[in-house]
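Only one structure is covered here, and it is reproduced in the block below.
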Amino acid sequence: MQFPHEPTPDHLADTGPSRAVQANYRQPVGGCRRTMGCVSLIGAVALTVGAAMLLLTMPSAEVAQTPAATQIVVVTSDAPSSDAPTAQPQIAPTAAPGDSQLISVLPTIAPDEMFSLLMTPVAALDFENPADRIQIAAPLYEPFTIIPDRPRGGVIQYEVQSGDTIFRIAELFGLKPESIAWANERSIIGGLRPGRMINILPVDGVYYTVSQDETIQSVANRFRVEPYTIIDSEYN
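If you use this note's numbering, the sequence shown corresponds to residues -9 to 226, in order.
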């Protein structure tokens, strides 16, 4: 048996057996496989074209969609429940496109009428209700200035008048009789002569003249007070 493409042996050159060499050839492709490949290629192209058309038509579809009308629902509960409250929804009324609404407008005064009222005296205005009448009260001015009582800032001199006593002078200046006696010489106790000048303290206390050899401690011991009482006094 002789294979195709097999070289013809040269019996003269080599007397040995010849080795058969199988040729490398392709088998013919069937018609069924070609048909399936064409169908797959056409399907891929159709799928690509369909996807492109879908992407191009998506925005227009979204714009063409009309949003649904929304309604405001108010949930109220009139009767309380022990387990869980059940509320009946109430739809708030909305105005239709062709409905008309009534808007109240407050009355206003004309400019000429306002000017006439401003130029009319208050006394000439006729008010139906007496409570609506305008009353303008003028400020009250006192013809005299009242100066309040001010405390005395230091020791003053008072001239004794006829009929004065220590008690009367003390009552006149708002002091104790002892303060009048302690602020003057001891002879004042015997009697007051008209025309005599006496010392009047600003507050109740003792009027004492310190000698050269005295100290604050010795004066405090003399009148049985603390030294800081003398030091802190605003009249010393």
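Glycine included, each C-beta is placed from N, C-alpha and C at the ideal position.
This one's a predicted model, so the numbers in the text were calculated from it and none came from an experiment.
* Of all the options Glu149, Ala171, Ala34 and Ile179, which has the alpha carbon lying nearest to the alpha carbon of Gly195? -> Residue Ala171 holds the alpha-carbon nearest to the alpha-carbon of Gly195 among Glu149, Ala171, Ala34 and Ile179.
* Asked: By the 10 Å Cβ neighbour count, where 16 or more other Cβ atoms means buried, how is Ile146 classified, buried or exposed?
  -> Answer is exposed; the Cβ neighbour count stays below 16.
* To do: Output the distance between the C-alpha atoms of Val209 and Leu182, rounded to the nearest integer angstrom.
  => Cα to Cα, Val209 sits roughly 28 Å from Leu182.
* Asked: Could you give the distance in angstroms between the alpha-carbon of Leu45 and the alpha-carbon of Ser30?
  -> Rounded to whole angstroms, Leu45 to Ser30 spans 23 Å at the Cα level.
* Asked: So what's Ile146 in DSSP terms, helix, strand or just coil?
  -> Ile146: strand per DSSP, three-state reduction.
* Simplified DSSP state of Asn189, which is helix, strand or coil -> Reduced to three states, the DSSP call for Asn189 is strand.
* To do: Reducing DSSP to helix, strand and coil, say where Tyr218 ends up.
  => Tyr218 carries a helical assignment under DSSP once its states are collapsed to helix, strand and coil.
* Asked: If you count every other CB in all the chains shown that lies within 10 Å of the CB of Leu191, and 16 or more means buried, which is it?
  -> With 16 or more other Cβ atoms within 10 Å, it is buried.
* **Inter-residue CB distance, Pro167 and Ala160 (contact presumed, cutoff 8 Å)** => So it is a contact: roughly 4 Å between Cβ atoms.
* Asked: Considering only C-alpha positions, which residue in the set Ile188, Ser201, Asn226 and Pro217 is nearest to Asp154?
  -> The alpha carbon of Asp154 has as its nearest neighbour, out of Ile188, Ser201, Asn226 and Pro217, the alpha carbon of Ile188.
* Since Gly185 and Val150 are thought to touch, with beta carbons under 8 Å apart, how far apart are those beta carbons, to the nearest angstrom? -> Indeed, because the Cβ distance is near 7 Å, the residues count as touching under 8 Å.
* Asked: Is Asp154 helix, strand or coil by DSSP?
  -> DSSP places Asp154 in coil when its eight states are reduced to three.
* To do: Using beta-carbon positions only, say whether Phe213 and Tyr197 come within less than 9 Å of one another.
  => Not in contact: Phe213 and Tyr197 (Cβ atoms no closer than 9 Å).
* Nearest-angstrom Cα distance between Tyr218 and Arg176? -> Going by the C-alpha atoms only, they are around 27 Å apart.
* **Coil, strand or helix - Val196 by DSSP** => It is coil, neither helix nor strand.
* Asked: Should Thr47 go down as buried or exposed, given a rule of 16 or more other Cβ atoms within 10 Å for buried?
  -> By the 10 Å Cβ count, Thr47 comes out exposed.
* To the nearest angstrom, how far is it from the Cα of Val11 to the Cα of Arg24? -> Residue placement at Val11 cannot be trusted, given a pLDDT of 48 that sits under 50; what the coordinates show is reported in the next sentence. Linking Val11 to Arg24 through their CA atoms gives a straight-line distance of about 32 Å.
* To do: State the start and end residues of the unbroken alpha helix (DSSP H) segment that holds Arg212.
  => Segment Ile206 to Phe213, the alpha helix (DSSP H) holding Arg212.
* To do: Determine the DSSP secondary structure at Glu227, reduced to helix, strand or coil.
  => Since the displayed the chain opens at -9 and closes at 226, residue 227 lies outside it and no answer follows.
* Asked: So, are the CB atoms of Tyr225 and Val200 less than 9 Å apart?
  -> With contacts defined by Cβ atoms closer than 9 Å, Tyr225 and Val200 do not form a contacting pair.
* To do: Specify the secondary structure class of Ala34 as computed by DSSP and reduced to three states.
  => Note: Ala34 maps to helix in three-state DSSP.
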